[in-house]
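79 is the number that the numbering used here gives to position 70 of the sequence shown; each next residue is one higher, with no gaps.
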Amino acid sequence: MRLRKEIIFITTNAHKVEEIMDLAYAEAEDITIEQLEYDYPERQLDAIEEVARASANYIMENMEIKKPFFIEDSGMFIPVLNGFPGPFSAFVFKTIGNEGLLKLMGGKRGDARRATFKTVVALCETSEKEPILFVGTVEGKIANAMRGEGGFGFDPIFEYKGATFAEMSTEAKNKVSHRGKAFRKLLIYIA
Numbered sequence: 010m011r012l013r014k015e016i017i018f019i020t021t022n023a024h025k026v027e028e029i030m031d032l033a034y035a036e037a038e039d040i041t042i043e044q045l046e047y048d049y050p051e052r053q054l055d056a057i058e059e060v061a062r063a064s065a066n067y068i069m070e071n072m073e074i075k076k077p078f079f080i081e082d083s084g085m086f087i088p089v090l091n092g093f094p095g096p097f098s099a100f101v102f103k104t105i106g107n108e109g110l111l112k113l114m115g116g117k118r119g120d121a122r123r124a125t126f127k128t129v130v131a132l133c134e135t136s137e138k139e140p141i142l143f144v145g146t147v148e149g150k151i152a153n154a155m156r157g158e159g160g161f162g163f164d165p166i167f168e169y170k171g172a173t174f175a176e177m178s179t180e181a182k183n184k185v186s187h188r189g190k191a192f193r194k195l196l197i198y199i200a
């Protein structure tokens, strides 16, 4: 009989927790994930990997956590906008939202609407070790208008194979999404 492994997901984002819990329930019976709500400062850095690493290190330095934990950071990268919003996606969503990003994409067609969603999961096993990073990406495009009722953030405008993430069920999205891919790598590592 295998022992259950416990790991803490540090986030205040209930939508991310729902996606991760659904994925863990479906794919990792021997892993228990516990949410710890902690609103840590997110540094604004040039690469999402740097943001995730800095956030994990901040938590290790400022909290006493006895179990392995992970944080997650995601961004959407649009080549025609020089990778914008990239690591600043959360700030951009809070300030201009989906409507503002659609305005920036106004008049762009075909390949000019390509976009990549990227997630970096930073796992901290102990306070003595550097965080281990797991990366997941998904290629898609920016839809011409917001579509769908599900998801969160940029999901209503990120289109993958004809459907926006907001039009997909959580289960369908997890199968193809950046977060699903990164989290699966984490599950394989800790299994």
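C-beta: ideal position from N, C-alpha, C; glycine also.
Every value quoted in this text rests on a predicted model; they were computed, and no experiment measured them.
Where the beta strand (DSSP E) through residue i begins and ends
{"i": "Gly157", "result": "Segment: none, Gly157 is in no beta strand (DSSP E) and carries neither H nor E."}
{"i": "Arg52", "result": "From DSSP, Arg52 is part of no beta strand (DSSP E); its letter is neither H nor E."}
{"i": "Thr41", "result": "40-45"}
{"i": "Ala124", "result": "123-133"}
Closest residue to residue i among the options (Cα-Cα distance)
{"i": "Cys133", "options": "Lys127, Ile141, Phe126", "result": "Ile141"}
{"i": "Glu70", "options": "Glu137, Thr21, Val89", "result": "Glu137"}
{"i": "Ala99", "options": "Val185, Gly84, Ala37", "result": "Gly84"}
{"i": "Gln53", "options": "Glu108, Ser64, Val89, Ile87", "result": "Ser64"}
{"i": "Ala200", "options": "Glu36, Val26, Met30, Lys25", "result": "Glu36"}
{"i": "Glu158", "options": "Gly149, Thr173, Lys25, Leu111", "result": "Thr173"}
{"i": "Glu168", "options": "Gly116, Arg122, Thr41", "result": "Arg122"}
{"i": "Glu27", "options": "Gln44, Thr104, Lys14", "result": "Gln44"}
{"i": "Lys184", "options": "Ile29, Lys14, Glu59", "result": "Ile29"}
{"i": "Ile42", "options": "Leu113, Ile16, Glu58", "result": "Ile16"}
Residue i burial status per 10 Å Cβ neighbour count (16 or more: buried)
{"i": "Ala191", "result": "buried"}
{"i": "Glu176", "result": "buried"}
{"i": "Tyr198", "result": "exposed"}
{"i": "Tyr34", "result": "exposed"}
{"i": "Gly115", "result": "exposed"}
{"i": "Arg62", "result": "buried"}
{"i": "Ala152", "result": "buried"}
{"i": "Ala124", "result": "buried"}
{"i": "Lys150", "result": "buried"}
{"i": "Gly171", "result": "exposed"}
{"i": "Lys112", "result": "exposed"}
Opening and closing residue of the alpha helix (DSSP H) in which residue i lies
{"i": "Gly149", "result": "No alpha helix (DSSP H) contains Gly149, which is instead part of the beta strand (DSSP E) from 141-151."}
{"i": "Phe192", "result": "187-199"}
Cutoff 6 Å; reference residue i; Cβ partners in own chain excluding five residues on either side
{"i": "Phe143", "result": "Val130, Ala191, Lys194, Leu195"}
{"i": "Gly162", "result": "Phe102"}
{"i": "Met155", "result": "Asn107, Pro165, Ile166"}
{"i": "Gly92", "result": "Phe86"}
{"i": "Gly95", "result": "Gly84, Phe86"}
Contacts around residue i, its chain only, beta-carbon distance under 8 Å, and the 5 residues preceding and following it disregarded
{"i": "Ile68", "result": "Ile19, Tyr47, Tyr49, Ile74, Phe78, Ile80, Cys133"}
{"i": "Thr21", "result": "Glu46, Tyr47, Asp48"}
{"i": "His24", "result": "Gly160, Phe161, Gly162"}
Sequence-distant residues of the same chain with beta carbon closer than 7 Å to residue i, five excluded per side
{"i": "His242", "result": "Outside the shown range of the chain, which is 10 to 200, sits residue 242, and nothing can be said about it."}
{"i": "Asp55", "result": "Pro96"}
Item to complete: Please specify which runs of the alpha helix (DSSP H), each continuous and at least 4 residues long, are wholly inside the stretch 66-104, giving them in chain order.
Response: Complete alpha helix (DSSP H) runs here, min 4: 98-104.
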